[in-house]
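Under our numbering, the first residue of the sequence shown carries the number 1, and numbering increases by one thereafter.
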Amino acid sequence: MDYSSDHGRFVAELEARLEKLSVELSEATYELYLGEKPPDLNEIESRISEVYFDPRNFEKLQEACASALDPTTRLAVDRLRRWFTINQVNRHPDAYKLRNEIEQELLSFRPVVGGLTVSRSEAREILQKEEHSRLRKEAYYCELPLARKIRTRVLQLIKLRRDLARELGAGNYPDLALALQDNDVVDIRLLFALLEEQTADKFRNYLLHLSAEASLDEIMPWDISYLFEKKRLPDRAFPKEGIMPAVKDTFGETGFDIDALGIDVKFRDIPFGGLCFGVRIPDDVRILANPRNGHDYYLTLFHEFGHAVYDKLIAQKHYALKGDSSSCFTEGIAVFFSRFVEDREWLTRRAGLTEEQANDYLSRLPYWRMLRLRRTICSALLEYHIYEDPDQDIEALSVQLSHKFMIVKPEPSELWAANPFNVSHPVYRQNYVLAEMIAQQIHDYLSHLYATLLGNRVVSKFMTKNFFAPGGRVSWRDKIRLATDRPLGPEALLASMGVK
Ligand SMILES: [Zn+2]
Numbered sequence: 001m002d003y004s005s006d007h008g009r010f011v012a013e014l015e016a017r018l019e020k021l022s023v024e025l026s027e028a029t030y031e032l033y034l035g036e037k038p039p040d041l042n043e044i045e046s047r048i049s050e051v052y053f054d055p056r057n058f059e060k061l062q063e064a065c066a067s068a069l070d071p072t073t074r075l076a077v078d079r080l081r082r083w084f085t086i087n088q089v090n091r092h093p094d095a096y097k098l099r100n101e102i103e104q105e106l107l108s109f110r111p112v113v114g115g116l117t118v119s120r121s122e123a124r125e126i127l128q129k130e131e132h133s134r135l136r137k138e139a140y141y142c143e144l145p146l147a148r149k150i151r152t153r154v155l156q157l158i159k160l161r162r163d164l165a166r167e168l169g170a171g172n173y174p175d176l177a178l179a180l181q182d183n184d185v186v187d188i189r190l191l192f193a194l195l196e197e198q199t200a201d202k203f204r205n206y207l208l209h210l211s212a213e214a215s216l217d218e219i220m221p222w223d224i225s226y227l228f229e230k231k232r233l234p235d236r237a238f239p240k241e242g243i244m245p246a247v248k249d250t251f252g253e254t255g256f257d258i259d260a261l262g263i264d265v266k267f268r269d270i271p272f273g274g275l276c277f278g279v280r281i282p283d284d285v286r287i288l289a290n291p292r293n294g295h296d297y298y299l300t301l302f303h304e305f306g307h308a309v310y311d312k313l314i315a316q317k318h319y320a321l322k323g324d325s326s327s328c329f330t331e332g333i334a335v336f337f338s339r340f341v342e343d344r345e346w347l348t349r350r351a352g353l354t355e356e357q358a359n360d361y362l363s364r365l366p367y368w369r370m371l372r373l374r375r376t377i378c379s380a381l382l383e384y385h386i387y388e389d390p391d392q393d394i395e396a397l398s399v400q401l402s403h404k405f406m407i408v409k410p411e412p413s414e415l416w417a418a419n420p421f422n423v424s425h426p427v428y429r430q431n432y433v434l435a436e437m438i439a440q441q442i443h444d445y446l447s448h449l450y451a452t453l454l455g456n457r458v459v460s461k462f463m464t465k466n467f468f469a470p471g472g473r474v475s476w477r478d479k480i481r482l483a484t485d486r487p488l489g490p491e492a493l494l495a496s497m498g499v500k
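So this is what it looks like as structure tokens:
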């Protein structure tokens with residue numbers, strides 16, 4: 001911290017103020033999911049908004065930027081200016097009030113399937129495991145009443161973000177949001193097109209093969225998860241009570257002492273598999289998870305612990321540098337750690353699967369990745385298109401995209417509007433695609449150097465030195481280039497799916 005100049009002091013005070021507010025907001029959001037007492041999010045957000053909408057703060061930041069600063073404070077100022085820019089949209093009072101109002105609808109909605117009120121995870125399980133296609137269809141459409149109820153307001157929020165971004169001189173909201181994260185909407189769309197083309201034939205053939213095996217004449221949208229799920233690893237090999245020991249052992253063997261790091265973990269019935277809260281980085285990091293028996297839940301918890309160890313090991317004093325400019329990198333780290341649960345040695349030695357079971361799983365893994373990628377790209381692209389023209393026939397467009405990416409032709413419906421990402425995480429979904437690339441590139445680089453990553457303490461040394469400790473002091477693109485000797489590219493990911 002630079003307290004020697006007026007500008008340095010201003011930056012330090014601004015960061016302290018924003019950090020304090022961010023702790024309050026994270027704690028309140030955490031409470032909301034914990035369900036203990038309903039916090040007043042609007043009240044906290046109104047105080048955050050005041051900071052970002054006080055023109056004197058931005059003026060002083062501009063002055064600081066033009067003055068002599070040490071290099072780290074200069075980086076912090078650069079990050080703060082980006083936050084001020086994006087928060088003219090995200091923290092605009094109309095935008096956050098509307099967002100919180102829709103989020104409330106999303107959180108309180110209870111789907112009905114087969115005449116019974118179910119949780120979202122139960123609905124997902126029906127979609128994956130139910131033999132009767134009529135019930136799967138009901139589960140597929142179970143959020144339609146919610147979608148119809150909030151559709152107009154979701155579009156209103158999207159138009160508001162678009163208009164506010166344009167007032168700031170950007171082409172549209174996605175352009176603005178991505179540019180501030182060292183990404184580019186044109187590059188992302190080219191990447192999406194490449195990944196789609198390269199995986200299209202393999203994905204289609206595999207899906208047709210699965211449907212023939214299940215004697216389906218026609219693949220419907222509610223068949224896809226079910227067809228893939230039939231080939232899952234047995235749940236009994238992945239008991240719920242074994243998750244935490246598996247996390248502690250596997251992370252421990254690679255040099256991360258989970259107990260010593262002091263990550264708070266609570267199991268609750270939340271609408272997600274897991275969530276990581278970096279309440280105050282690096283001191284206060286919490287995980288909320290909703291595990292059940294099954295390999296999926298191991299993947300989720302390893303992912304969340306990837307987020308948590310990262311937050312715990314950031315060694316930056318500036319609040320503005322306690323994270324990367326884009327969440328794609330944090331997500332990439334989380335995916336890197338979830339890859340351990342997909343490792344042959346881990347599956348046989350730790351989970352006790354036979355060689356045959358492990359081989360079968362690994363032969364299907366590329367298709368799981370394709371499914372995840374194609375689903376994510378499909379929904380990210382739909383969002384970009386909606387920002388371009390919120391008044392177009394979105395339902396028809398959604399059918400077109402589903403046909404191209406998922407090979408199915410659903411009836412036009414408003415289902416897209418129930419996706420919580422539109423509301424709480426606008427222009428976020430591309431991060432999961434980039435994350436798969438980031439994780440695979442790091443994984444392959446390390447695997448070429450070392451015979452095994454499991455049980456190898458070099459993992460924690462490498463990750464902490466190159467990625468965690470520098471936080472936002474090194475840009476995420478530089479981190480990858482410097483640590484893996486090449487810029488981020490799709491090659492490793494494509495190769496991991498058997499596509500070159
Ligand atoms: Zn994540």
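Every residue, glycine too, gets a C-beta built ideally from N, C-alpha and C.
The C-beta distance from G273 to N290 rounds to 6 Å, short enough to fall under 8 Å.
Here the region 77-97 makes contact with the region 164-182; the two share three or more CB pairs at distances below 8 Å. Residues A358, L362 of the same chain have their beta carbon placed closer than 7 Å to that of R344, with the five preceding and five following residues left out of the count.
Taken from the Cβ of A308, every heavy atom of ligand 1 lies 7 Å or farther away. Per DSSP, reduced to three states, the secondary structure at G489 is coil, with no helix or strand assignment. Annotated three-state conformation of V399 is helix, per DSSP.
With a cutoff of 7 Å, A439 does not count as near ligand 1, since its C-beta is closer than that to no heavy atom of the ligand. The region 93-103 makes contact with the region 156-165, as at least three CB pairs between them are under 8 Å. Around the Cβ of L227, a 10 Å sphere holds 16 or more other Cβ atoms; the residue is buried. Take T376, set aside five residues on each side of it, and the residues of its chain with a beta-carbon closer than 7 Å to its own are R429, Y432, V433, in chain order. Taking 7 Å as the cut-off, one finds no heavy atom of ligand 1 near enough to the beta carbon of H403. Counting the other CB atoms within 10 Å of its CB gives Q62 a total below 16, which places it among the exposed residues. Residue environment for Q392: exposed (fewer than 16 other C-beta atoms within 10 angstroms of its C-beta).
Secondary structure note for R473: it is in no alpha helix (DSSP H), with a DSSP letter that is neither H nor E.
Look at the beta carbons and you see the region 246-264 touching the region 300-315: at least three pairs across the two are nearer than 8 Å.
Annotation for D249: the continuous alpha helix (DSSP H) segment containing it runs 243-253. Here E304 has G274, C276, I287 as same chain residues with Cβ atoms under 6 Å from its own Cβ, once five neighbours each way along the sequence are excluded. For a cut-off of 8 Å, the C-beta gap from P412 to V399 is around 5 Å, short enough to register as a contact. Rounded to whole angstroms, D324 and W476 show a C-alpha spacing of 6 Å. Around the beta carbon of N205, a 10 Å sphere encloses fewer than 16 other beta carbons of the protein chains shown; the residue is thus reported as exposed. Of the heavy atoms belonging to ligand 1, at least one sits nearer than 7 Å to the Cβ of E331.
Assignment of T354 by DSSP, reduced to helix, strand and coil, places it in the coil class. A distance below 8 Å separates the beta carbons of A64 and V11.
Closer than 7 Å to some heavy atom of ligand 1: that does not describe the Cβ of H425. Collapsing the DSSP output to three states places T452 in coil.
If you compare the alpha carbons of R134, S121, I102 with that of R148, the shortest gap goes to I102. Using a cutoff of 7 Å, the CB of A334 counts as near ligand 1, since one of the ligand's heavy atoms is closer than that. By the criterion of a C-beta distance shorter than 6 Å, R364 is surrounded in its chain by K231, once the five residues flanking it on both sides are discounted. Straight-line spacing of the CA atoms in R82 and L116 works out to 47 Å.
Rounded to the nearest angstrom, the Cβ distance from A439 to G332 is 5 Å, consistent with a contact under 8 Å.
Ligand 1 approaches H303 closely enough that one of its heavy atoms is under 7 Å from the residue's Cβ.
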